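Protein chains in written order, with the numbering used here: chain A, 797 to 1013; chain B, 4 to 331.
Data first, discussion second: the structure below is written as structure tokens.
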Amino acid sequence: MNPPSHASAPVWQPLAARAMGLLLLGIVRLLTGAQARWHGSPPKAEQRIYFANHQSHADLVMIWAALPRELRGITRPIAAKDYWTKTPFRRWITSAVFNAVYVERERKGDEDPLQPLIEALERGDSLILFPEGTRGNQPEPQPFKAGLYNLALKFPEAVLVPAWIDNVQRVMPKGELVPVPVLCSVTFGAPLQVAPDEERRAFLERARAAVIALRDI
Amino acid sequence: MTGFLRRLTPDQQVTALFLLVFGVLALASVILLALSMRERPGASAPAGEGELAHAGVLLRHSWFMALVFWFAWALGDVVATVLFALVSFFALREFITLSPTRRADHRSLVLAFFVVLPLQYWLVGARQFDLFTVFIPVYVFLGLAVVSALGNDTHGFLERNAKLEWGVMVCVFGLSHVPALLLLRFPDWSGRNAFLVFFVTLVVQTCMLAQHLAQRYRPGKAVAPQVSSSFSWLNWGIGMGAGALLGVLLSGITPFAPGQALAMALIACMAGSLGHLVMKAIKRDRGVTNWGPRTASVTGSAGLLDRVDALCFAAPVFFHSVRWYFDL
Chain A
797 MNPPSHASAP VWQPLAARAM GLLLLGIVRL LTGAQARWHG SPPKAEQRIY FANHQSHADL
857 VMIWAALPRE LRGITRPIAA KDYWTKTPFR RWITSAVFNA VYVERERKGD EDPLQPLIEA
917 LERGDSLILF PEGTRGNQPE PQPFKAGLYN LALKFPEAVL VPAWIDNVQR VMPKGELVPV
977 PVLCSVTFGA PLQVAPDEER RAFLERARAA VIALRDI
Chain B
4 MTGFLRRLTP DQQVTALFLL VFGVLALASV ILLALSMRER PGASAPAGEG ELAHAGVLLR
64 HSWFMALVFW FAWALGDVVA TVLFALVSFF ALREFITLSP TRRADHRSLV LAFFVVLPLQ
124 YWLVGARQFD LFTVFIPVYV FLGLAVVSAL GNDTHGFLER NAKLEWGVMV CVFGLSHVPA
184 LLLLRFPDWS GRNAFLVFFV TLVVQTCMLA QHLAQRYRPG KAVAPQVSSS FSWLNWGIGM
244 GAGALLGVLL SGITPFAPGQ ALAMALIACM AGSLGHLVMK AIKRDRGVTN WGPRTASVTG
304 SAGLLDRVDA LCFAAPVFFH SVRWYFDL
């Protein structure tokens, strides 16, 4: 569990990042309540891969805000590299505040797009994944991409925790700028494991079902 | 004793009042704590425990309200107005959470939360009482509907609009009358407006408590069992009687004569207790027992709106009656 590295940054930057983090946290709590519901796995500082449904840009901030402070520091979200490194501000907020892992959205050459995630897991960090790959607008999540399965096989000691993010799409629908206050919650479920000899498709479908099952708890 | 109280300044009188309220609440808390410790060994009495738990919830609500009012009074009119604006914000958030909206409602929601709500409370703070009482029912009523229509989605249009406007009426319009009571100016009676808020809150709470207790020990026939299994006309009448009696007893701290206090208490109790019943109907329709976060219905911990809903209906009616009768 390595702390985020700001070794090369100016002195004021960690402070600014902290202030920004508190500001974002305050806004999210004011608008949504950012309620965490733990059903089947307690909040615990072990290496975890949280995977959740994805309906809104705010999903990432929502999970981040719902986690207790101790876990927030060691849990890293994923950010699309092309979008989130375009301007210095975007880069700053994703790296300094969220400590995000950047991934390429499009495969370049024969480099494995999962490589940055593998490196993060090797360092002992926890991750937040949205295995649908893209934001959906249906009530049920889309089929999951294979990345979750591959990471689970490669890091069997990392605990896979499903999560259902409720109501966030009402806060800020696609294309709107101003969020609306609606109570939201994140439900964390019982951990999942890849069974011996379990096929990729079967596991991904099971993982998706585990996320959906949390909706009605 | 009363002579001594009368010689105090208005500020000292209000302070004495709050000391009295907090004293009563502290006493009740201690008694409840003692009772719960005595009952703990005999864990085979779930009925009694439920009773205690219910009383505990009621007591927590009372503490919460008393503290809010104390802050509001101690920190001045501006802070009081801002405080109730925040309560409105959280109550409306709970209401909207349980009223499904569609994408096309987004702009109307933004308008309700970030324009209508601050404007309404600004009107209160500026003592623009003539505009403040009609701003939402007249102007916002049309404005929100227009913004919704421009959202270009007719699916369930009337229902969606009705929900939003109901939310704004109850959570913003209704609650904003509480700080407005603090800002009413009675001739020869300045500095004591906190008594007015205290009067309406206490009278309404007493009415509902008496109704609840009467139902507990003498269950009557439920008038609308689908909505509330505990609302019967006779016990409602008992609650109204208790509220009215307290109103007369408290007339000394208000600008009312005993007869006027009786009428005002009856009006406030009727609006509060029946408004509470109406809010229950909305909750049942949504399939929940409490407003607030998703766990509330399971754990029984109530949302903010559960604590203030009676006041949301009692305050506007009380405010209007007082203002109209005394021609303020």
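Don't be surprised by glycine CBs; every beta carbon is placed ideally from N, CA and C.
Predicted model, so just to flag it, every value in this text is computed and none were measured.
Is there a Cβ from chain A that is less than 8 angstroms from the Cβ of His109(B)?
Indexing the second sequence from 1 puts residue 109(B) at position 106. True, the Cβ-Cβ gap to chain A drops below 8 angstroms.
Just by C-beta distance, which residues in the region 76-109 of chain B are closer than 8 angstroms to chain A?
Phe92, Leu95, Arg96, Glu97, Ile99, Thr100, Thr104, Arg106, His109
Hey, could you find the ends of the alpha helix (DSSP H) Ser232(B) is sitting in?
As a working mapping, residue 232(B) is identified with position 229 in the second sequence. Run containing Ser232(B): none; DSSP gives neither H nor E here.
Roughly how many whole angstroms lie between the Cα atoms of Ser109(B) and Pro190(B)?
Here residue 109(B) is taken as the residue at index 106 of the second sequence, counted from 1. Here residue 190(B) is taken as the residue at index 187 of the second sequence, counted from 1. Correcting the residue type first, residue 109(B) is His in the shown sequence and not Ser. When rounded, the distance between both Cα atoms is 45 angstroms.
Pairwise C-alpha distance: Gly290(B) and Phe926(A):
Within the first sequence, the letter at position 130 stands for residue 926(A). Within the second sequence, the letter at position 287 stands for residue 290(B). Whole-angstrom Cα-Cα distance: 31 angstroms.
What are the complete alpha helix (DSSP H) segments, minimum 4 residues, inside the region 208-278 of chain B?
236-252
Do Met243(B) and Leu265(B) have their C-beta atoms within less than 8 angstroms of each other?
Here residue 243(B) refers to the residue found at position 240 when the second sequence is read from its first residue. Here residue 265(B) refers to the residue found at position 262 when the second sequence is read from its first residue. No. Outside cutoff.
Hey, how far is the Cα of Glu902(A) from the Cα of Leu949(A)?
Here residue 902(A) corresponds to residue number 106 of the first sequence, with the count starting at 1. Here residue 949(A) corresponds to residue number 153 of the first sequence, with the count starting at 1. The straight-line gap from Cα to Cα measures roughly 23 angstroms.
Contact between the region 910-926 of chain A and the region 821-828 of chain A: three or more CB pairs below 8 angstroms?
no
Use the C-beta contact count for Tyr879(A): other C-beta atoms within 10 angstroms, 16 or more gives buried, fewer gives exposed.
On the first sequence, position 83 is the one that residue 879(A) refers to. Exposed, because fewer than 16 other Cβ atoms sit within 10 Å of the Cβ of Tyr879(A).
So if DSSP puts Ser981(A) in a beta bridge, which residue, or which two residues, is it bridged to?
Here residue 981(A) refers to the residue found at position 185 when the first sequence is read from its first residue. For Ser981(A), which the question treats as bridged, DSSP gives the partners Gln831(A), Asp962(A).
Buried versus exposed call for Lys166(B) [16 or more other C-beta atoms within 10 Å across all chains shown]:
What you label residue 166(B) is simply residue 163 of the second sequence in a count that begins at 1. Label assigned to Lys166(B): buried.
When you compare the CB positions of Phe92(B) and Pro977(A), do they come within less than 8 angstroms of one another, or not?
For the purposes of this step, residue 92(B) is taken as the residue at position 89 of the second sequence. For the purposes of this step, residue 977(A) is taken as the residue at position 181 of the first sequence. Yes, these two residues count as a Cβ contact at 8 angstroms.
Quick one: residues in its chain with C-beta nearer than 8 angstroms to the C-beta of Val2(B), no 5 flanking neighbours on either side, listed in chain order?
Nothing about residue 2(B) can be reported from this structure: the residues present for chain B run from 4 to 331 only.
Closer than 7 angstroms by beta-carbon distance: list the chain B residues that pair up with Arg966(A), in chain order.
As a working mapping, residue 966(A) is identified with position 170 in the first sequence. Simply Thr104.
Leu973(A) versus Gln934(A) - alpha carbon distance
Looking up residue 973(A) in the first sequence gives position 177. Looking up residue 934(A) in the first sequence gives position 138. Distance between the alpha carbons of Leu973(A) and Gln934(A) is about 21 angstroms.
Cα-Cα separation between Ala854(A) and Pro975(A), rounded to whole angstroms
What you label residue 854(A) is simply residue 58 of the first sequence in a count that begins at 1. What you label residue 975(A) is simply residue 179 of the first sequence in a count that begins at 1. Their Cα atoms are separated by approximately 10 angstroms.
Three-state secondary structure (DSSP) at Thr136(B)?
Taking the first residue of the second sequence as 1, we reach residue 136(B) at position 133. The answer is helix: DSSP assigns Thr136(B) an H, G or I state.
Give the DSSP bridge partners of Ile924(A), in chain order.
One-based indexing of the first sequence puts residue 924(A) at position 128. DSSP, once it has assigned bridges, lists Tyr846(A), Pro873(A) as partnering Ile924(A).
I need the DSSP call for Val976(A), collapsed to helix, strand or coil.
Start at 1 with the first residue of the first sequence, and residue 976(A) comes out as number 180. Of the three classes helix, strand and coil, the one that applies to Val976(A) here is coil, per DSSP.
Who are the near neighbours of Thr104(B) in its chain, counting only those whose CB is closer than 8 angstroms to its CB and skipping five residues on each side?
Here residue 104(B) refers to the residue found at position 101 of the second sequence. For Thr104(B), where only same-chain residues beyond five positions count, the Cβ hits under 8 angstroms are Leu112, Arg163, Lys166, Leu167.
Beta-carbon gap between Thr209(B) and Gly246(B) smaller than 8 angstroms:
Position 206 of the second sequence, counted from the start, is the residue given in the question as residue 209(B). Position 243 of the second sequence, counted from the start, is the residue given in the question as residue 246(B). Yes. Within cutoff.
Would Leu979(A) count as contacting chain B if we go by Cβ distances under 8 angstroms?
On the first sequence, position 183 is the one that residue 979(A) refers to. Chain B, which has a Cβ nearer than 8 angstroms to the Cβ of Leu979(A), makes this yes.
Report the neighbours of Leu153(B) on chain A: residues whose CB is nearer than 9 angstroms to its CB, in chain order.
Here residue 153(B) corresponds to residue number 150 of the second sequence, with the count starting at 1. By Cβ distance, chain A contributes nothing, its closest Cβ being about 14 angstroms from Leu153(B), past 9 angstroms.
Quick one: any contact between the region 976-991 of chain A and the region 21-38 of chain B, if contact means 3 or more CB pairs under 8 angstroms?
no
What is the DSSP secondary structure of Val957(A), reduced to helix, strand or coil?
Numbered from its first residue, the first sequence carries residue 957(A) at position 161. Note: Val957(A) maps to strand in three-state DSSP.
Any idea which residues DSSP pairs Leu122(B) with across the strands?
Here residue 122(B) corresponds to residue number 119 of the second sequence, with the count starting at 1. Leu122(B) pairs with nothing; no bridge assigned.
Tell me whether Leu199(B) sits in a helix, a strand or coil according to DSSP, three-state version.
In the second sequence, the residue the question calls residue 199(B) occupies position 196. Here Leu199(B) sits in helix by DSSP.
Do we get a CB-CB distance below 8 angstroms when we pair Cys315(B) with the residues of chain A?
Residue 315(B) sits at position 312 when you count from the first residue of the second sequence. Cys315(B) does not count as touching chain A.
Taking 8 angstroms as the CB-CB limit, is Val113(B) close to chain E?
Among the protein chains in the structure shown, which are A and B, there is no chain E.
Taking contact to mean at least 3 C-beta pairs separated by less than 8 angstroms, is the region 221-241 of chain B in contact with the region 279-290 of chain B?
yes
Starting from Val897(A), trace the beta strand (DSSP E) in both directions and tell me its first and last residue.
Position 101 of the first sequence, counted from the start, is the residue given in the question as residue 897(A). Val897(A) -> beta strand (DSSP E) spans 897-899.
With respect to the alpha helix (DSSP H) encompassing Asp309(B), which residues constitute its N-terminal and C-terminal limits?
The sequence position of residue 309(B) within the second sequence is 306, counting from 1. Where Asp309(B) is concerned, the enclosing alpha helix (DSSP H) stretches over 307-329.
Please report whether the beta-carbon of Phe67(B) lies at a distance below 8 angstroms from any beta-carbon of chain A.
Here the question's residue 67(B) lines up with position 64 in the second sequence. With 8 angstroms as the cut-off, Phe67(B) does not count as an interface residue toward chain A.
What residues of chain A sit near Leu160(B), judged by a beta carbon separation below 9 angstroms?
Here residue 160(B) corresponds to residue number 157 of the second sequence, with the count starting at 1. The residue you asked about is not Leu; residue 160(B) is Phe in the sequence shown. Chain A residues near Phe160(B): none, gap ~18 angstroms exceeds 9 angstroms.
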